[in-house]
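Down below is the structure, laid out as C-alpha cells.
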Amino acid sequence: MSTSDDDADTLRPVTELGYEEARDELIEVVATLERGGLDLDASLALWERGEALAGRCEEHLEGARARIEAVISDSDGDEDLDEFDDDDPDDDNPDDD
C-alpha cells in the first residue's frame with residue numbers, strides 16, 4: 143500500500159467497501175504504520191484512512207448482528223431454536239440416574 147497523493151485519489155471510498163475488503167485494507171494500513179518511515183502528513187492520512195476502515199468494519203458487523211438478532215427474535219426462528227433448548231443439562235447424562 144503506497145501513500146502518495148496519486149494513490150489517495152485512486153482509493154475507493156470506504157463506504158463502497160465490503161467487510162472483507164475493508165478488513166484487508168485495514169490490516170495493510172496497520173502494517174504500514176508499524177513499519178514506520180513515513181513522514182508526518184502521510185502517517186496522519188494513513189491513520190485517518192485506518193479509522194474510517196475500522197468504522198466501516200464496525201458498520202458491517204453491526205448490520206450482521208442486527209440480522210442475526212432479527213432471525214432469532216422471529217417467531218419462526220424461535221420454533222427452530224426450541225429444539226436446542228435444554229432446561230436441564232443433566233437429562234442427557236445417563237450416569238446421573
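Residue numbers (this note's numbering): 143 to 239. C-beta atoms are modelled at their ideal positions from N, C-alpha and C, and glycine is treated no differently. Nothing here was measured: the structure is a model prediction, and the numbers come from that model.
{"Item": "Complete alpha helix (DSSP H) runs within the region 145-225 (minimum length 4 residues, chain order)", "Value": "147-152, 161-177, 182-215 and 217-224"}
{"Item": "Nearest neighbour of Ala-196, chosen from Thr-152, Thr-157 and Asp-183 [CA to CA]", "Value": "Thr-157"}
{"Item": "Neighbourhood of Arg-209 by C-beta distance below 6 Å, restricted to the same chain and skipping five residues each side", "Value": "none"}
{"Item": "Contact check, Glu-176 vs Arg-191, beta carbons under 9 Å", "Value": "no"}
{"Item": "Option in Pro-155, Ser-185 and Tyr-161 with minimal Cα separation from Glu-204", "Value": "Tyr-161"}
{"Item": "Proximity winner among Glu-200, Arg-207 and Val-213, relative to Glu-163 (alpha-carbon distances)", "Value": "Glu-200"}
{"Item": "Cβ neighbour criterion (16 or more within 10 Å) applied to Arg-154", "Value": "exposed"}
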